[in-house]
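J.: Residue numbers (the numbering used here), protein chains in the order written: chain A, 1 to 418; chain B, 1 to 763. All residues carry an ideal CB built from backbone N, CA and C; glycine is no exception. In this text, all values refer to a predicted model and were calculated from it rather than measured experimentally.
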C-alpha cells in the first residue's frame with residue numbers, strides 16, 4: 001500500500017484530521033518513534049500504600065491512614081518516598097532515577113468509569129479517546145496494530161482500531177493469510193499476481209464506494225477498513241519478534257508486556273494499554289491490595305527489563321495510573337472506599353526522573369501547587385489529569401496536530417517535565 | 001433453505017438488454033421547512049441549548065448551589081431529560097410574585113435570586129424565556145402543520161433490501177425466493193408479515209439470547225460445571241445429580257455419560273436467564289415478564305439439579321424442552337433472581353448491591369448511573385456523617401441507586417436467598433424505587449416489588465426500544481449534545497431529538513401491543529432510521545447525521561452465520577468442528593468478540609489483525625466453496641447457476657466466444673446480489689471491475705498452463721472430492737479436481753474479492 005494512496009483515501013473519508021502526522025520515513029517503513037505504554041491499575045489503587053506514603057503515627061492511633069506500617073518506617077529512594085510494604089522497596093530502589101511521581105492528582109470523581117476515563121483521556125465526559133489511541137492515531141494510524149489494548153480505557157473515537165490479542169498460536173496462520181500452510185511459501189491459495197490483483201480491485205472499489213458515500217460515519221467505517229488492510233503484510237513481522245514462549249505466570253502484565261514490545265519492535269505498534277485488576281478493595285484492604293500492588297510493580301519491572309533486553313528501553317514511555325485512589329483510614333470491613341485524590345507515575349525519554357511533583361496532607365487531601373514553581377501553595381492550582389495530558393501531548397509532539405485539536409484538553413500548562 | 005434460480009435465469013436476457021442500475025433505493029423525501037415550532041422544540045433550541053443548559057444548569061443541578069430550589073434541572077445523561085426539564089420549568093413558571101412569574105423575575109436579579117443577574121432583560125435569551133412563558137399560558141398547536149421529515153436528505157433502502165438486511169441480522173440467513181417475491185409484490189405490509197414469520201424461527205431466539213448475553217455475560221459459566229458450582233450445596237443438595245449413581249471406579253463409558261449429563265445440566269443453568277428472555281418473547285408475552293416472572297425456566301436437566309422432580313416434561317431427555325417452575329422458599333422475579341446474574345454481578349458488605357442496582361438501571365431503565373456523576377465532584381471534600389445519604393456530591397448517584405440496591409436485600413454475595421435477620425441497613429436509603437419504599441409486608445419479596453415498579457416506569461419502554469435498536473444495528477441510540485458550544489452541537493441535538501421522537505412512537509406501539517418485543521423489532525425495521533444508507537447530494541445540514549452509522553461491522557457470530565448462509569459452507573476445519581470465528585482458541589477474540597469473562601466489550605471496527613482474519617477466511621472459503629458448487633447440478637448451485645467451468649471469455653486464439661462474456665457477467669451480477677445485496681446491470685463500473693478481475697486472472701492462469709509453469713490441477717484443499725457434510729467420497733465422474741481452463745481459480749479470485757468486500761463484512 002502506497003502512502004499516497006492511503007492519504008487519498010483518508011481525505012475522501014474526511015479524515016485529514018488524523019492523517020498529517022505520519023511517520024517521517026516515506027513508504028512502508030516500520031514505525032520508529034517511541035513506544036507509549038499506559039499501565040492501568042483497575043479499580044482504584046492506594047497511593048498511600050505506594051508512592052504517597054502515610055504511615056500510622058503509632059500503634060495506638062485511632063483511624064490510622066494505614067495499619068500496615070508506621071510513619072517512621074517510610075522508605076526513600078533518591079527523592080522518592082515510598083510505603084515500606086510489598087515489593088515497593090525493590091522497585092523504587094531499582095527505578096527511582098527514571099521515575100517521576102505525581103501526587104495529589106485530583107480526578108474529581110469516585111466513579112470507576114469516569115475516573116478511568118478522566119485519567120486516561122484528560123476529560124471526565126465521554127468522547128475523548130484514550131491517550132494511547134490519540135497518539136497512535138496521530139502518528140501511526142496506518143499500522144496494523146497501532147493501538148494494542150489489554151484493557152483499561154481504550155475508547156478510540158474512531159482514530160484507530162484497537163487490537164486485542166487472543167491465542168497467539170493462531171497468529172501464525174493470520175500472519176500468512178495467503179498460504180494454505182503458513183510454513184510453506186509455495187502453498188498459496190492464489191498466485192501472487194492474483195492476490196495483488198484482488199487487492200488492487202478492493203482498493204479501487206472501496207475508493208469508488210467512498211466517493212459516493214456522504215454519511216460521515218460510514219465513510220469513517222470504510223476508511224477504517226482500508227487502514228486496517230494497509231498492514232496485512234506487516235503482521236507477519238510480529239511473528240519474528242514474539243518470544244518462543246510467552247510468560248504463563250499469574251501476572252497478566254508480563255505477557256501483555258511481551259506482546260507490546262514484540263509488536264513495537266516489529267514496527268506495527270505505537271501505543272499499548274496494559275491492565276491489571278483487583279484494586280477495588282472495599283474489604284480487607286491490606287491483605288488484598290498490597291499483594292496486587294506488588295504484582296503491578298513486578299509487571300512494570302518486567303516490562304522495563306524486557307525493553308532493556310531487547311534494546312528499546314530508551315524509546316519507551318511508561319505511564320502508570322488508576323481510576324482514583326482509596327479513602328483515608330478504613331471502613332467497617334477493614335477495607336478502603338473510593339477517593340478522588342490519586343497519583344500517577346511516569347518514566348521515559350523527556351521525563352525527568354528521581355522527582356516528585358505535588359503533595360497531599362496527612363489525610364490525603366490535595367494541596368495545590370504554584371503553577372510556576374510547582375511548590376505547595378494554598379492559593380495555587382490543583383493538579384488534574386488535564387495538566388498531565390497537556391504535558392504528555394507536548395512530549396509526544398502531537399499537541400499542534402489537527403488530531404489532537406479535535407479533542408482539546410482545556411487548561412493551564414504546568415511545567416511537569418521541566 | 002436454498003436460493004432457487006427462479007429469480008435469475010429469466011432475467012438474463014433482461015440483464016443483457018437494460019442499461020445501468022444501482023442498489024435499490026427509495027428516493028429520499030424532501031421535507032418542507034416547519035412554519036410552526038412546537039413548544040418542546042422551541043424549549044430545546046431557543047432556551048435549553050441557547051443558555052439554560054449551561055448557564056442555569058451550572059447552579060440548578062443536584063449538586064449545585066441551587067439544588068434546594070424548585071428549579072432542579074436534569075443533565076443530558078438522564079433519559080428524556082428535555083421533557084423532564086420542560087415540565088419542571090413549566091411548573092416553576094406558575095409561581096408568581098407581584099403578578100410576574102418567578103421564572104422571569106429571578107434571572108434578571110429579582111425575587112432575591114441567589115444567582116443575581118444572569119440574563120439581560122433586553123437580550124434575546126430573556127426574550128426566549130418570555131416567549132416560553134407565553135407558550136405555557138397560550139399553548140401552540142402545531143398538529144396540523146407539516147413538521148418536516150426529520151430524515152429529509154437521507155437515502156433509504158426499500159422493502160426488499162430491508163428484508164435482506166433484517167433476515168441476516170435476525171435469523172442469519174438470506175431471504176428465500178418466495179419471501180423476496182412476497183415483499184416485492186406486497187411491499188411494507190408483506191415485509192411485516194415475513195418478519196413475523198422469521199421471528200418464529202429458532203435462529204431468531206438464538207440471536208436474541210446472543211444479544212442479551214452481551215449484557216448479562218452469564219455465558220461465562222458455560223464451561224465445565226462452573227454454573228452448577230455456583231449453586232449452594234445446602235439449597236440444592238441434588239445439584240450434582242448426574243454423579244449420584246456413578247460407582248467409585250466408573251468405566252470410561254460411565255464417566256463419559258456422567259460428563260454428558262453434567263454438561264447438559266450446566267448449560268441449562270448457565271443460560272437460564274437468557275432462556276427466560278427467549279421464552280417470554282417466543283410466547284408473545286408482555287416483555288415486562290422478563291422481570292416479573294414468578295418462576296424459573298428449567299429443562300429436564302436443570303430441574304433435577306434444582307430438585308424439582310414433579311415437572312411433566314414430554315421428553316425427559318430433550319434439553320430444548322423448557323418449563324416454568326418455582327423453587328420453594330424463595331422469591332422469583334424474572335432475571336433479577338437468577339443465581340447466575342447475581343453471581344456475575346456480585347456484591348460485598350460495603351458495596352451493598354449497588355453494582356447490581358447499576359445493572360438494573362442500565363439494562364431496563366436506559367440509565368447509566370455513572371454518567372450522573374460526569375460533572376467534576378470534589379469527593380475529597382467529604383466530611384461529616386454518612387456522605388452517601390447527606391452529601392449532595394455523593395447523593396447525585398446514591399439517591400436513585402441505593403433504594404434499588406436495597407431491594408436486593410434478600411440476596412447475598414453468593415446469590416443465595418438469605419433475607420437478613422435484622423432487616424436492611426439503617427444508614428442507607430430504604431429499599432424501594434424513586435420515592436416509593438418497599439412495604440414491610442413485602443420485605444421478603446422486595447425484588448418482586450422492584451420488578452413491578454421498574455416495569456411500570458416509562459423508562460422500561462425506552463430501554464426496551466433502545467435494546468432492540470442496538471440488537472438490530474449494533475449502534476447505541478444517538479445521544480444529546482452535552483456541550484452546546486462544541487461545533488455541530490445544534491445539528492447533533494436535532495438528530496438526537498428526531499430519533500428520540502421516533503423511538504417514542506415505537507415505544508407507544510410496543511405498549512399498545514401488550515409489550516410485545518417483536519412489535520418493537522418490526523417497527524424499527526419498518527422505520528426510516530434502520531433504512532438509512534446514504535445522504536443525497538446537497539442534503540440540508542448534513543452534520544445532523546454526523547453520528548448516524550448506516551452500516552454495522554458484523555460480530556464474529558454474525559459473520560460466521562453470513563458466511564454459511566451465502567456460500568453454503570461454514571468456516572471451520574470440517575463439518576463437526578467449532579467454527580473458527582466463534583472459537584476462543586481460534587479467531588473469536590482476534591476478530592473482536594467477547595468471552596463473557598475478561599473480555600466483555602466487542603470491537604466494532606476492524607484493525608490489522610481482524611483484516612487478516614477476514615483475508616484468511618476469504619481465501620479458505622473460496623477454496624472450499626467454488627469447486628464444490630460446480631460439482632452440483634446447475635439447478636442446485638448457490639454460486640454459479642449461470643456458467644459452467646468450460647465457459648471461457650476467449651478461445652485459444654484470443655477470439656471472444658459468443659455468449660460467454662454475457663453469461664460470466666450475469667453470474668458476476670448474481671454473486672454481487674447474493675454476497676453484497678447489490679443489483680448490477682450491464683455497463684455498471686462494478687460489474688466491469690469484477691469482470692476484469694475474472695478475466696485477467698483467467699488469462700494469466702491460462703497462459704501459465706500453456707507455458708507449463710502453472711499446474712492444471714487444483715490445489716488439493718480446493719478440490720471437490722467428497723460431500724462436505726457427510727465426508728462421503730464422490731464418484732470420479734462427479735469430482736472436480738482439474739482446472740485445465742483456469743476458470744475455477746478465476747472464480748475463486750472473484751469469490752475471495754467479494755468475501756472481503758465492505759458490504760460483506762458490514763451489513
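Would you tell me roughly how many angstroms separate the C-alpha atoms of residue 713 (chain B) and residue 624 (chain B), rounded to the nearest one?
T.: Here residue 713 (chain B) refers to the residue found at position 713 of the second chain. Here residue 624 (chain B) refers to the residue found at position 624 of the second chain. Taking the straight line from one Cα to the other gives about 15 Å.
J.: Using a Cβ-Cβ distance under 7 Å, would residue 606 (chain B) count as near chain A?
T.: In the second chain, residue 606 (chain B) corresponds to position 606, counting from 1. It does; some Cβ of chain A falls within 7 Å.
J.: Across which residues does DSSP place residue 214 (chain B) in a beta bridge pair?
T.: Counting from 1 along the second chain, the entry for residue 214 (chain B) is found at position 214. In DSSP, residue 214 (chain B) forms no bridge with anything.
J.: Pick helix, strand or coil for residue 580 (chain B), following the three-state DSSP scheme.
T.: Position 580 of the second chain holds residue 580 (chain B). Here residue 580 (chain B) sits in helix by DSSP.
J.: CB-CB under 7 Å to residue 762 (chain B), same chain, minus the five flanking residues each way: which ones, in chain order?
T.: Residue 762 (chain B) sits at position 762 when you count from the first residue of the second chain. Around residue 762 (chain B): 551, 552, 553 and 554.
J.: Is any beta-carbon of chain B found at less than 7 Å from that of residue 319 (chain A)?
T.: As a working note, residue 319 (chain A) is residue 319 in the first chain. Judged by the 7 Å Cβ criterion, residue 319 (chain A) is not in contact with chain B.
J.: Thinking C-alpha only, which one of B:754, B:653, B:133 and B:621 is nearest residue 177 (chain A)?
T.: Mapped onto the first chain, residue 177 (chain A) falls at position 177. When only C-alpha atoms are compared, the closest one is B:621.
J.: Along the chain, where does the beta strand (DSSP E) containing residue 274 (chain A) start, and where does it finish?
T.: As a first step, residue 274 (chain A) must be located in the first chain, where it is residue number 274. Looking at the DSSP string, the run of the beta strand (DSSP E) that includes residue 274 (chain A) is 271 to 276.
J.: Check whether the Cβ atoms of residue 451 (chain B) and residue 291 (chain B) sit closer than 7 Å, and answer yes or no.
T.: Here residue 451 (chain B) corresponds to residue number 451 of the second chain, with the count starting at 1. Here residue 291 (chain B) corresponds to residue number 291 of the second chain, with the count starting at 1. Taking 7 Å as the Cβ cut-off, residue 451 (chain B) and residue 291 (chain B) qualify as a contacting pair.
J.: List the DSSP bridge partners of residue 324 (chain B).
T.: Here the question's residue 324 (chain B) lines up with position 324 in the second chain. Note: residue 324 (chain B) sits in a beta bridge opposite B:297.
J.: Quick one: grab the DSSP three-state call for residue 26 (chain A).
T.: Here residue 26 (chain A) refers to the residue found at position 26 when the first chain is read from its first residue. In this predicted model, residue 26 (chain A) has a pLDDT of only 35, less than 50, meaning its place in the structure is not dependable; the value taken from the coordinates is given anyway. It is coil, neither helix nor strand.
J.: Which whole runs of the alpha helix (DSSP H) in the region 105 to 161 of chain A are 4 residues long or more, in chain order?
T.: Listed in chain order, they are 112 to 121 and 131 to 139.
J.: How about the region 38 to 55 of chain A and the region 285 to 293 of chain A: do they share at least three Cβ pairs that are nearer than 8 Å?
T.: Verdict: yes, contact present.
J.: With respect to the alpha helix (DSSP H) encompassing residue 266 (chain B), which residues constitute its N-terminal and C-terminal limits?
T.: What you label residue 266 (chain B) is simply residue 266 of the second chain in a count that begins at 1. 252 to 270 is the extent of the alpha helix (DSSP H) around residue 266 (chain B).
J.: What would DSSP say about residue 359 (chain A), mapped onto helix, strand or coil?
T.: Taking the first chain and counting its residues from 1, one reaches residue 359 (chain A) at position 359. Here residue 359 (chain A) sits in strand by DSSP.
J.: Strictly under 7 Å for the Cβ-Cβ distance: is residue 609 (chain B) near chain A by that measure?
T.: Numbered from 1 along the second chain, position 609 holds the residue referred to as residue 609 (chain B). Yes, contact with chain A.
J.: Can you name the residues of chain A whose CB is closer than 7 Å to the CB of residue 616 (chain B)?
T.: As a first step, residue 616 (chain B) must be located in the second chain, where it is residue number 616. Chain A residues near residue 616 (chain B): 173, 174 and 177.
J.: Distance check for residue 381 (chain A) and residue 228 (chain A), CA to CA, integer angstroms please.
T.: Here residue 228 (chain A) corresponds to residue number 228 of the first chain, with the count starting at 1. Here residue 381 (chain A) corresponds to residue number 381 of the first chain, with the count starting at 1. Those two C-alpha atoms are separated by around 43 Å.
J.: Along the chain, where does the beta strand (DSSP E) that runs through residue 180 (chain A) open and close?
T.: In the first chain, the residue the question calls residue 180 (chain A) occupies position 180. Segment: none, residue 180 (chain A) is in no beta strand (DSSP E) and carries neither H nor E.
J.: How is residue 408 (chain B) classed by DSSP in three states: helix, strand or coil?
T.: Counting from 1 along the second chain, the entry for residue 408 (chain B) is found at position 408. Looking at residue 408 (chain B) - three-state DSSP - the assignment turns out to be coil, as it is neither helix nor strand.
J.: Is the beta carbon of residue 100 (chain A) sitting closer than 7 Å to the one on residue 346 (chain A)?
T.: Counting from one through the first chain, the residue named residue 100 (chain A) turns up at place 100. Counting from one through the first chain, the residue named residue 346 (chain A) turns up at place 346. Yes; because the gap between Cβ atoms is below 7 Å, this pair is in contact.
J.: Compute the Euclidean distance between the alpha carbons of residue 742 (chain B) and residue 170 (chain A), then round it to the nearest angstrom.
T.: Here the question's residue 742 (chain B) lines up with position 742 in the second chain. Here the question's residue 170 (chain A) lines up with position 170 in the first chain. Rounded to the nearest angstrom, the two C-alpha atoms are 31 Å apart.
J.: Is any beta-carbon of chain A found at less than 7 Å from that of residue 16 (chain B)?
T.: Indexing the second chain from 1 puts residue 16 (chain B) at position 16. For residue 16 (chain B), the predicted model reports a pLDDT of 38, less than 50, meaning its position is unreliable and no value from the coordinates is stated.
J.: Give, in chain order, every residue of the region 189 to 203 of chain A whose Cβ lies closer than 8 Å to some Cβ of chain B.
T.: Taking 8 Å as the Cβ-Cβ cut-off against chain B, the residues of the region 189 to 203 of chain A that qualify are 189, 190, 191, 193, 194, 197, 198, 201 and 202.
J.: Going by other Cβ atoms of all chains shown within 10 Å of its Cβ, with 16 needed for buried, is residue 400 (chain A) buried or exposed?
T.: Counting from 1 along the first chain, the entry for residue 400 (chain A) is found at position 400. Burial call: exposed.
J.: Out of B:607, B:334 and B:98, which has the shortest C-alpha to C-alpha gap to residue 268 (chain A)?
T.: Numbered from 1 along the first chain, position 268 holds the residue referred to as residue 268 (chain A). It is B:607 whose Cα lies nearest to the Cα of residue 268 (chain A).
J.: Taking all protein chains shown into account, decide if residue 636 (chain B) is buried (16 or more other Cβ within 10 angstroms of its Cβ) or exposed.
T.: Here residue 636 (chain B) refers to the residue found at position 636 when the second chain is read from its first residue. Classification of residue 636 (chain B): exposed, given that the 10 Å Cβ count is below 16.
J.: Taking DSSP as the reference, what is the three-state secondary structure of residue 334 (chain B)?
T.: Against the second chain, residue 334 (chain B) aligns to sequence position 334. Correct three-state label for residue 334 (chain B): coil.
J.: Starting from residue 41 (chain A) and walking both ways along the beta strand (DSSP E), at which residues does that stretch end?
T.: The count along the first chain starts at 1 and reaches residue 41 (chain A) at position 41. From DSSP, the beta strand (DSSP E) with residue 41 (chain A) extends over 35 to 41.
J.: Distance, Cα to Cα, residue 105 (chain B) vs residue 111 (chain B)?
T.: Counted from its first residue, the second chain places residue 105 (chain B) at position 105. Counted from its first residue, the second chain places residue 111 (chain B) at position 111. Cα to Cα, residue 105 (chain B) sits roughly 6 Å from residue 111 (chain B).
J.: Taking residue 322 (chain A) as part of the beta strand (DSSP E), name the residues at either end of that continuous run.
T.: Taking the first chain and counting its residues from 1, the one referred to as residue 322 (chain A) is at position 322. Residues 316 to 322.
J.: List the residues of chain A that residue 753 (chain B) touches, going by C-beta distances under 8 Å, in chain order.
T.: Residue numbering aside, residue 753 (chain B) sits at position 753 when the second chain is read from its first letter. Those are 198, 201 and 202, listed as they occur along chain A.
J.: Report the option in A:78, A:53, A:60 and A:125 whose CA atom is closest to the CA atom of residue 385 (chain A).
T.: Counting from one through the first chain, the residue named residue 385 (chain A) turns up at place 385. Ranking A:78, A:53, A:60 and A:125 by Cα distance to residue 385 (chain A) puts A:125 first.
J.: Just the chain A side, please: which residues come within less than 9 Å of residue 350 (chain B) by C-beta, in chain order?
T.: As a working note, residue 350 (chain B) is residue 350 in the second chain. The answer, in chain order, is 282, 283, 331, 332, 333, 335 and 337.
J.: Does the beta-carbon of residue 718 (chain B) have 16 or more other beta-carbons within 10 angstroms, so that it is buried, or is it exposed?
T.: For the purposes of this step, residue 718 (chain B) is identified with residue 718 of the second chain, where counting begins at 1. Result: buried.
J.: If we count the other Cβ atoms within 10 Å of its Cβ and call it buried at 16 or more, is residue 183 (chain B) buried or exposed?
T.: The count along the second chain starts at 1 and reaches residue 183 (chain B) at position 183. Classification for residue 183 (chain B): buried.
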